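Just so you know, the numbering used here puts 185 at position 184 of the sequence shown, and the rest follows in order with no gaps.
Just so it is clear, CB atoms sit at the ideal spot from N, CA and C, and this is done for glycine as well.
Just so it is clear, the structure is predicted and the values come from calculations on it, not from any experiment.
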Amino acid sequence: MPGLTLDGVIQAAGGVLWRGAGGKGDEIEIALVHRPRYDDWSLPKGKQDPTEHVTVTARREVEEETGFRAPLGKPLLGQQYTFWREGQAVAKSVRFWAMRAPDLPESPFTPNAEVDELCWLPRTQAADLLTHERDQATLKSLFTAAPGTSTVLLIRHAKAGEKKAWKGPDIERPLDETGREQARAVRRAAACFEPSRIVSADPARCVQTVQPLAADLGVKLVLDRAFSVAGYSSRPKRSLRRFRDLMKSGANVAVCSQGEVIPGLLTEVAKSAGLRIASADTPKGGMWALSIDKGQLVAAEFFGDLSPPGPPADARAGT
């Protein structure tokens, strides 16, 4: 299947795969791949499939090129460039994330026609070996904060129909058909960050949004009323304290909450970190990926729609 193209620009994603202690001053090693087709050394990356979210692309491409299945970490400097193909200029956009390699007894890398070599090098040597300056710039962005950040996913529950049309208690209002599809999208994209803890507000629509994710990962789903509208409205400081505790845990965590709660939590933690977020409004089924270093927010990435873009127009039924 051809890669995704938006407004004439090829979309791609990849990662800076690294291993080591992960502190900002620590010496870590970076994975570089050699592509025989171009005879260059580069960061692992590849084209986005129209049927997958960009986070899935990044994880899949890094695994295909290196053999390592690693969680996404903090977002890194992306790339926009033009190359020549069959005499025509082609624009490309690539998104990157930091990705910490799992500690394995043996390297899972297998040479193939696309990538025939994988090497691990310290930061300076890796930068010197990289063929393209754009890759060097992306690598440099890994060190703007400690590479080994944890991630807190802040997810708004998926769609649950009209409140006025539901006859039972509002806390029991379930996801509708669109909401169930959004929950499947959350399941696919959020899994790329490998949360080891999953917490949800108690309304059914929140629980049902992250239940598929918890089931896939084999992680216990914990309910916490502090992240519901009722809990936040009555004791906002408690809710913020609970959220900060999750940030300080050092674990990758997913939290499913409500639209009236997320802006307050996000604004407070951003303010204390000296970061400005233009808008904390989050659509239903949307997600924030918060990069945390020693309990402090260092980056906030917003995903308004976690659904795959879909197949190209000529592959859709009826076109």
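Candidates the options: closest to residue i by CA position
{"i": "Ala281", "options": "Asp217, Asp129, Gln259, Ser234", "result": "Gln259"}
{"i": "Thr139", "options": "Asp294, Gly275, Ala14", "result": "Ala14"}
{"i": "Glu115", "options": "Val153, Ser151, Val230, Glu62", "result": "Glu62"}
{"i": "Phe144", "options": "Pro106, Ser250, Gly24, Ala59", "result": "Gly24"}
{"i": "Phe304", "options": "Gly79, Asp104, Gln12, Thr283", "result": "Thr283"}
{"i": "Leu119", "options": "Lys295, Phe69, Val187, Gly21", "result": "Phe69"}
{"i": "Val230", "options": "Asn113, Val262, Leu218", "result": "Val262"}
{"i": "Arg181", "options": "Pro170, Thr210, Val95", "result": "Thr210"}
{"i": "Val254", "options": "Arg20, Ser240, Ile156, Leu44", "result": "Ile156"}
{"i": "Pro45", "options": "Arg38, Val34, Tyr39, Val55", "result": "Val34"}
{"i": "Glu178", "options": "Ala159, Asp41, Gln80", "result": "Ala159"}
{"i": "Arg135", "options": "Tyr39, Gln81, Phe110", "result": "Gln81"}
{"i": "Ala279", "options": "Asp27, Ser43, Glu302, Ala128", "result": "Glu302"}
{"i": "Gly287", "options": "Trp42, Ala190, Arg36", "result": "Ala190"}
{"i": "Val187", "options": "Lys168, Val208, Asp104, Gly21", "result": "Val208"}
{"i": "Lys75", "options": "Ala90, Leu7, Phe97", "result": "Phe97"}
{"i": "Gly16", "options": "Leu130, Val55, Asn113", "result": "Val55"}
{"i": "Asp40", "options": "Leu130, Leu241, Gly21, Thr125", "result": "Leu130"}
{"i": "Ala252", "options": "Ser197, Ala127, Thr125, Gln126", "result": "Ser197"}
Inter-residue spacing [alpha-carbon to alpha-carbon] between residue i and residue j
{"i": "Leu5", "j": "Arg185", "result": "21 Å"}
{"i": "Thr268", "j": "Gln212", "result": "27 Å"}
{"i": "Ala192", "j": "Thr132", "result": "32 Å"}
{"i": "Tyr233", "j": "Arg243", "result": "11 Å"}
{"i": "Ser151", "j": "Gly88", "result": "44 Å"}
{"i": "Ile31", "j": "Trp289", "result": "27 Å"}
{"i": "Gly162", "j": "Arg206", "result": "10 Å"}
{"i": "Arg245", "j": "Ala271", "result": "11 Å"}
{"i": "Ala166", "j": "Pro175", "result": "12 Å"}
{"i": "Leu18", "j": "Arg60", "result": "10 Å"}
{"i": "Leu291", "j": "Ala99", "result": "13 Å"}
{"i": "Arg86", "j": "Asp294", "result": "42 Å"}
{"i": "Ser250", "j": "Val153", "result": "10 Å"}
{"i": "Val95", "j": "Glu66", "result": "16 Å"}
{"i": "Arg38", "j": "Arg101", "result": "27 Å"}
{"i": "Gln137", "j": "Ala92", "result": "19 Å"}
{"i": "Pro3", "j": "Ile11", "result": "10 Å"}
{"i": "Lys285", "j": "Pro123", "result": "42 Å"}
{"i": "Asp321", "j": "Val299", "result": "Beyond the ends of the chain as shown, which are 2 and 320, falls residue 321; an answer cannot be given."}
{"i": "Lys164", "j": "Ile172", "result": "10 Å"}
{"i": "Thr83", "j": "Gly9", "result": "11 Å"}
{"i": "Thr111", "j": "Trp42", "result": "16 Å"}
{"i": "Pro170", "j": "Ser235", "result": "19 Å"}
{"i": "Gly219", "j": "Gly47", "result": "29 Å"}
Spatial neighbours of residue i in its chain, beta-carbon cut-off 6 Å, leaving aside the 5 residues before and after
{"i": "Pro72", "result": "Phe194, Glu195"}
{"i": "Ser142", "result": "Leu77, Leu78"}
{"i": "Val223", "result": "Val200"}
{"i": "Thr58", "result": "Ala14, Gln49"}
{"i": "Met248", "result": "Val153, Ile293, Gly296"}
{"i": "Gly149", "result": "Gly23"}
Neighbourhood of residue i by C-beta, 7 Å cutoff - its chain only, sequence neighbours within 5 removed
{"i": "Pro237", "result": "Gly265"}
{"i": "Ala147", "result": "Gly23, Gly24, Lys25, Asp294"}
{"i": "Pro106", "result": "none"}
{"i": "Gln297", "result": "Ala274"}
{"i": "Asp217", "result": "Arg188, Ala192"}
{"i": "Leu276", "result": "Leu298, Ala301"}
{"i": "Asp117", "result": "His35, Pro37"}
{"i": "Gly21", "result": "Asp27, Glu28, Ile29, Glu30"}
Beta-carbon contacts of residue i that lie in its chain and below 8 Å, excluding the five residues immediately before and after
{"i": "Arg226", "result": "Ala202, Asp203, Gly232"}
{"i": "Lys221", "result": "Ile199, Ala215"}
{"i": "Ser108", "result": "Gly68, Leu119"}
Any non-hydrogen atom of the ligand MG closer than 7 Å to residue i Cβ
{"i": "Asp104", "result": "With respect to the ligand MG, the structure shown offers nothing to examine, as it has no ligands at all."}
Inset, instruction - Entirely within the stretch 5-46 and at least 3 residues each: give me those beta strand (DSSP E) ranges in chain order. - result: 10-20, 30-36, 41-43
Inset, instruction - Please specify which runs of the beta strand (DSSP E), each continuous and at least 3 residues long, are wholly inside the stretch 41-109, giving them in chain order. - result: Complete beta strand (DSSP E) runs here, min 3: 41-43, 46-48, 73-86, 89-101.
Inset, instruction - Note down, one range per segment and in chain order, each alpha helix (DSSP H) of at least 4 residues found wholly within the stretch 95-176. - result: 124-130, 134-142
Legend entry - Whole runs of the beta strand (DSSP E) within the stretch 224-301, excluding any shorter than 3 residues: 254-258, 288-294
Inset, instruction - Taking 8 Å as the threshold, find out whether the stretch 41-54 comes into contact with the stretch 300-311 through three or more Cβ pairs. - result: They touch, by the three-pair rule.
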